[in-house]
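For my numbering, count along the sequence shown from 1 and bump the result up by 29. Don't be surprised by glycine CBs; every beta carbon is placed ideally from N, CA and C.
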Amino acid sequence: MFEAPIQRLIDELARLPGIGRKSAQRLAFHLLHVEEADALRLGEAIVAMRHEVRLCVRCYNVTAEEQCSICRDPRRDPTVICVVERAQDIPVLERTQEFAGRYHVLGGAISPIEGIGPDQLHVKELVARIEAEGAAEVIAATNPTVEGDTTALYLARLLKPLGVRVTRLASGLPVGGDLDYADEITLGRALAGRKEL
Ligand SMILES: [Zn+2]
Numbered sequence: 030m031f032e033a034p035i036q037r038l039i040d041e042l043a044r045l046p047g048i049g050r051k052s053a054q055r056l057a058f059h060l061l062h063v064e065e066a067d068a069l070r071l072g073e074a075i076v077a078m079r080h081e082v083r084l085c086v087r088c089y090n091v092t093a094e095e096q097c098s099i100c101r102d103p104r105r106d107p108t109v110i111c112v113v114e115r116a117q118d119i120p121v122l123e124r125t126q127e128f129a130g131r132y133h134v135l136g137g138a139i140s141p142i143e144g145i146g147p148d149q150l151h152v153k154e155l156v157a158r159i160e161a162e163g164a165a166e167v168i169a170a171t172n173p174t175v176e177g178d179t180t181a182l183y184l185a186r187l188l189k190p191l192g193v194r195v196t197r198l199a200s201g202l203p204v205g206g207d208l209d210y211a212d213e214i215t216l217g218r219a220l221a222g223r224k225e226l
């Protein structure tokens with residue numbers, strides 16, 4: 030429908046979540062009409078992010094270093110590990126300012142339908158960390174979904190025999206949604222009122 034280079038960008042933009050055909054066209058023509066340097070900055074930011082960002086060797090958070098800023102921070106309490114499904118859940122929990130421990134990113138949740146079991150997640154690495162770092166509590170901050178609950182119960186069954194307290198965020202979170210649907214106050218209360226599994 031459009032000249033090939035424009036169509037190519039529209040097709041790429043339309044593949045992004047939440048961007049429909051119309052928005053993709055609007056964005057492509059916007060980028061065509063802004064200052065060239067402004068448009069190129071966007072392209073460079075995408076390239077730089079993909080080249081420079083990797084996973085923290087300890088917790089699988091995203092980082093530009095070997096370890097993420099939270100793992101590198103000596104003031105963080107190593108005895109409490111908050112387990113999340115995805116790296117983008119960490120800033121959501123950080124904004125509550127209720128948590129001073131460290132995190133562990135599983136990389137998803139247990140979902141038999143999608144063929145995701147504990148072996149597809151960073152569970153083994155979590156167990157190794159608990160032993161190496163002497164963690165006393167694991168907070169299962171997986172999403173309030175069937176998969177998130179299943180994962181939390183699995184972790185409780187796996188970790189309790191190791192002498193670790195396993196807790197779950199208190200209710201009050203919107204059921205069925207992602208953690209980032211919750212506002213900071215609700216999430217902060219859920220964290221403070223966490224219950225033993
Ligand atoms: Zn880390």
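- prompt: With 16 as the cutoff for other CB atoms within 10 Å, does D40 come out buried or exposed?
  reply: Answer is exposed; the Cβ neighbour count stays below 16.
task: Using the Cα positions of G146 and G136, report the straight-line distance between them to the nearest angstrom.
output: 11 Å
task: From the DSSP output, read off the bridge partner residues of G130.
output: D106
- prompt: For E166, does the three-state DSSP call read helix, strand or coil?
  reply: strand
task: Quick one: using the 10 Å Cβ neighbour count with 16 as the cut-off for buried, is F31 buried or exposed?
output: exposed
message: Let me confirm a value: P190 is counted as buried when at least 16 other C-beta atoms fall within 10 Å, else exposed. Which label applies?
response: exposed
query: Do E114 and A138 come within 7 Å of each other at the CB atom, strictly closer than that value?
result: Yes; because the gap between Cβ atoms is below 7 Å, this pair is in contact.
Helix, strand or coil at E123 [DSSP, three-state]: Helix.
- prompt: How long is the line joining the alpha carbons of D102 and R55, rounded to whole angstroms?
  reply: Looking at the backbone, the Cα of D102 and that of R55 are separated by about 43 Å.
message: Between L184, R37 and R44, which has its C-alpha nearest V152's C-alpha?
response: Among L184, R37 and R44, the Cα nearest to that of V152 is on L184.
- prompt: Just the Cα atoms here: how many angstroms apart are G217 and A165?
  reply: 21 Å
message: To the nearest angstrom, how far is the alpha carbon of G163 from that of A219?
response: Roughly 25 Å separates the two Cα atoms.
- request: Within 10 angstroms of the Cβ of I119, are there 16 or more other Cβ atoms? Answer buried if so, exposed if not.
  value: buried
query: Does at least one heavy atom of ligand 1 sit under 6 Å from the Cβ of R87?
result: yes
CB-CB length for R197 against A181, believed under 8 Å: About 5 Å separates the two Cβ atoms, so the contact holds.
message: Out of G192, L38, E123 and P46, which one is the CA nearest neighbour of H59?
response: L38
- prompt: How would you write the range of the beta strand (DSSP E) that V195 sits in, first residue to last?
  reply: R194 to R197
- prompt: Grouping DSSP H, G and I as helix and E and B as strand, with all else coil, what is V156?
  reply: helix
query: When every heavy atom of ligand 1 is checked, does at least one fall within less than 6 Å of the C-beta of C100?
result: yes
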